[in-house]
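Sequential numbering from 4 applies to the sequence shown in the numbering used here. Glycine residues also receive a C-beta, built at the ideal position from the N, C-alpha and C atoms. Bear in mind the structure is a predicted one, so any value in this text is a computation, not a measurement.
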Amino acid sequence: MCGIVGYIGHRDASSVVLEGLKKLEYRGYDSAGLALYDGEILKVTKTKGKVSALENKLQNSGNTDGSIGIGHTRWATHGVPNDENSHPHYSNSGELVIIHNGIIENYDSIRKELTKRGYQFKSDTDTEVLVNLIEEIQNKTNLKLGESVQLALKEVVGAYAIAVFDVKKPNEIVVAKLGSPLAIGIGTNEYFIGSDASPFLEYTNKAIYLEDGQVASIRLNKSIKIWEIDNNRPIPVLVQELKMSLEATEKGGYEHFMLKEIYEQPNAIKDTYRGRLLINEKLIKMAGVEENLERFTNADRIIIVACGTSWHAGLVAEYIIEDLTRIPVEVEYASEFRYRNPIITSKDVIIAISQSGETADTLAAIKLAKQNGAFVFGVCNVVGSTIARETNAGAYTHAGPEIGVASTKAFTTQITVLTLIALKLGLAKKTIDNNTFLRLISELNEIPEKLIKTLNCNNTALDIAKVYKNSTNCLFLGRGYNFPVALEGALKLKEISYIHAEGYPAAEMKHGPIALIDENMPIVVVAINKGHYEKTVSNIQEIKARKGKVIAIVTEGDITVKELADHVIEIPETLETLSPLLTTIPLQLFSYHTAVLLNKNVDQPRNLAKSVTVE
Ligand code: F6R
């Protein structure tokens, strides 16, 4: 996700902001920029690429003077990564300058209104729309910057952390936050801003964390003023003394990126359906699907191509799409598909799933499908990635950067996007009735809250990991929608703890794997109260009859499995269709803790790369 940095004070703002941006690089980004004001000229330098490229550009331009500055690392959401779309953005008068982390969902309608009133836009971003909206309000009302920002934010829908300054009053930076993080560092006669405290920890350990719905005016030699966007209520300023290390702040206080990303899933899922799942209007809006609705609804079949965890998300989608749309779905390893002379026709829709958007095999599968006239739809996390550009249309997952090599939040957000697509198509094809649609969207809307509850199993997962950390093998079983979850659970365990693990459909156990079961074999069974629960209970009995150790993922309130299993982890009640979004969580945590207990490098497991750009 984007990172924001700001400084106002007696130091050289360019080096404080630039060094701050380097501290935020861990968040992942595709472009960077900074704006400085030296009392005479506003200097904005920005570039696609790394902070080091920005540093070079800045040195070459000589635009380094200024005692007020704001900087940004951009993770593209609206508009591809390029110099123009990079932040900071400034208003048409060139007097207001802004950086923004988040998404303004209604930017298009605001942009159209501003365009009618003569505003012009250089970029495709929602942020440039916001800074011009602030300018328009300022011009109309003559209000101070803070109040103008406040009024503008009342008009926007979405999430943001912003920092704005006005070259006419260069002693002030106004910041505001809703949904994205923002910290203010307090020095002596100087203030700092950061997406977290890491950009300013070397200067001060005093910080204010802005809360959602608050705006603040930070003025040099004055105390900070904070108030609520909705009702002007002044907020007492609460300064915290930070005791964390730099590394800890980058990981948000978590020991590893993987754990942080596991915990980010409630928000990542919300970010993924925000602006698409319109619960009050009872509809799903997805431009990429709407514009190609006939391609989807007339498709003879959908072929999903992906690798690794993304392939597992594709398998979950197979169950969901077939169930809701009655369109036949095939799920292919991209690496097999591309080399096996597959039958592809122009009536096929190919869905390519990839977190990185750079996986070589998936890319090759897309090219092959396109050559054969199929319509290719991408589900990617990285905006502007090669796969996102190569596909005919697509939908981003908005999970934010996934740094841990083992995929976690990418998986659940991919399932979220694919569920939205299935629901939209199901309604369009009338293969689901309105009641089913409403039940599913309302439950999807509840998933982030249920996921927060599910995360409470963290300590139980740790306790279970302590018992089985020295096992040499582990089986994962699940049925229906939760069979791919079993595969994903096994992949997570083997890739970060190096314990051999296999995922199986529970009923397949008796066709081979049952021979492996003895008192040393831990078997994780997803046994929620939906689908073929009784049959899964029988599988558990078969395991217990052979002295295997059962770790069961059950629905809260379960009695039967609790009596049989050695350990249980409860998840909240949910619909079977959406259950993988919850059942996956305990398996991620179990793998994580096992690997940590074994002292493995959780975020960078041996031999693995985050983006597999080779065949
Ligand atoms: C496993 C994992 C990999 C990726 C696979 C595909 O935790 O991360 O299996 O899922 O390499 O990568 P993307 O989704 O970037 O195409």
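Legend entry - Beta carbon nearer than 5 Å to a non-hydrogen atom of the ligand F6R: C310, G311, T312, S313, S357, Q358, S359, T362, A409, S410, V615
Inset, instruction - Pull up the CB-CB distance for P575 and V488, whole angstroms please, since I reckon it's below 8 Å. - result: Not a contact, Cβ separation roughly 16 Å.
Legend entry - Top-ranked residue by Cα proximity to E491, from A398, A409, I282, E28: A409
Inset, instruction - Would you be able to state if there are at least three C-beta pairs under 8 Å between the region 277-285 and the region 334-349? - result: In short, these stretches do not touch, since the Cβ pair count stays below three.
Legend entry - the region 505-515 contacting the region 468-483, beta-carbon criterion three pairs below 8 Å: Touching, per the Cβ criterion.
Legend entry - Reference G161, options Y336, S359, F195, G216, closest by Cα: Taking only the C-alpha atoms, the option nearest G161 is G216.
Legend entry - Inter-residue spacing [alpha-carbon to alpha-carbon] between I499 and G317: 22 Å
Legend entry - Cβ-Cβ distance between V529 and N485 below 8 Å: Yes, they are a contact pair.
Inset, instruction - With a 10 Å radius around its C-beta and 16 neighbouring C-beta atoms as the bar for buried, classify D199 as buried or exposed. - result: Result: buried.
Legend entry - Rounded separation between E297 and L366 - CA only: 24 Å
Inset, instruction - Output the boundary residues of the beta strand (DSSP E) element that contains S620. - result: The structure shown does not extend to residue 620, since the chain spans only 4 to 618, so no value can be given for it.
Inset, instruction - Have a look at the DSSP bridge pairing and note the partners of E505. - result: L478
Legend entry - Test item: CB-CB of E244 and R14 under 8 Å: no
Inset, instruction - Under 6 Å Cβ to Cβ from Y29, same chain only, skipping five residues before and after it: list those, please. - result: E253
Legend entry - Residue(s) in a DSSP beta bridge with Q243: A210
Inset, instruction - Can you grab the Cα-Cα spacing for the pair R279 / G291, in whole Å? - result: 11 Å
Inset, instruction - Name, in chain order, the residues that DSSP records as bridge partners for Q217. - result: K180, E231
Legend entry - Assumed close pair S220, E175 - CB separation to whole angstroms, cut-off 8 Å: 6 Å
Inset, instruction - Have a look at T389, A372, L423, G397 and flag the residue whose alpha-carbon is nearest the alpha-carbon of F380. - result: G397
Legend entry - Closest Cα partner of K51 within the set G82, E138, K115, I546: Put simply, of G82, E138, K115, I546 the residue whose alpha carbon is nearest the alpha carbon of K51 is G82.
Legend entry - With 16 other Cβ atoms within 10 Å as the buried cut-off, status of T577: buried
Inset, instruction - In the DSSP assignment, find the unbroken alpha helix (DSSP H) run with A337 in it and report its ends. - result: 337-340
Inset, instruction - Quickly, what does DSSP pair D169 with across the bridge? List them, please. - result: L99
Inset, instruction - Spell out the partners DSSP gives A368 in its beta bridges. - result: Looking at the DSSP output, A368 sits in no beta bridge, so it has no partner there.
Legend entry - Backbone secondary structure at G12 - three-state DSSP: Coil at G12, not helix or strand.
Legend entry - Spatial distance of V334 from V571 (CA atoms): The alpha-carbon atoms of V334 and V571 are separated by roughly 31 Å.
Inset, instruction - Can you grab the Cα-Cα spacing for the pair Y32 / A79, in whole Å? - result: 8 Å
Inset, instruction - Using beta-carbon positions only, say whether L99 and V167 come within less than 8 Å of one another. - result: yes
Inset, instruction - Report the option in A271, K495, A518, E559 whose CA atom is closest to the CA atom of R549. - result: A518
Legend entry - Spatial neighbours of K263 in its chain, beta-carbon cut-off 7 Å, leaving aside the 5 residues before and after: K254, G255, Y257
Legend entry - Bridge partner(s) assigned by DSSP for V553: In DSSP, V553 forms a bridge with I526.
Legend entry - Limits of the unbroken alpha helix (DSSP H) element including V152: Looking at the DSSP string, the run of the alpha helix (DSSP H) that includes V152 is 148-158.
Inset, instruction - Report all residues from its chain with a CB closer than 7 Å to the CB of Y276; omit the five preceding and five following residues, and keep chain order. - result: Within its own chain, the residues whose Cβ lies closer than 7 Å to the Cβ of Y276, once the five positions on either side in sequence are excluded, are T419, L423, L447, listed in chain order.
Legend entry - Residue interval of the beta strand (DSSP E) (run including E573): Start and end: 570-574.
Inset, instruction - Return the bridge partner residues of L585 from the DSSP annotation. - result: Note: L585 sits in no beta bridge, so no partner.
Inset, instruction - Mark S183 as exposed unless 16 or more other C-beta atoms lie within 10 angstroms of its C-beta, in which case mark it buried. - result: With 16 or more other Cβ atoms within 10 Å, it is buried.
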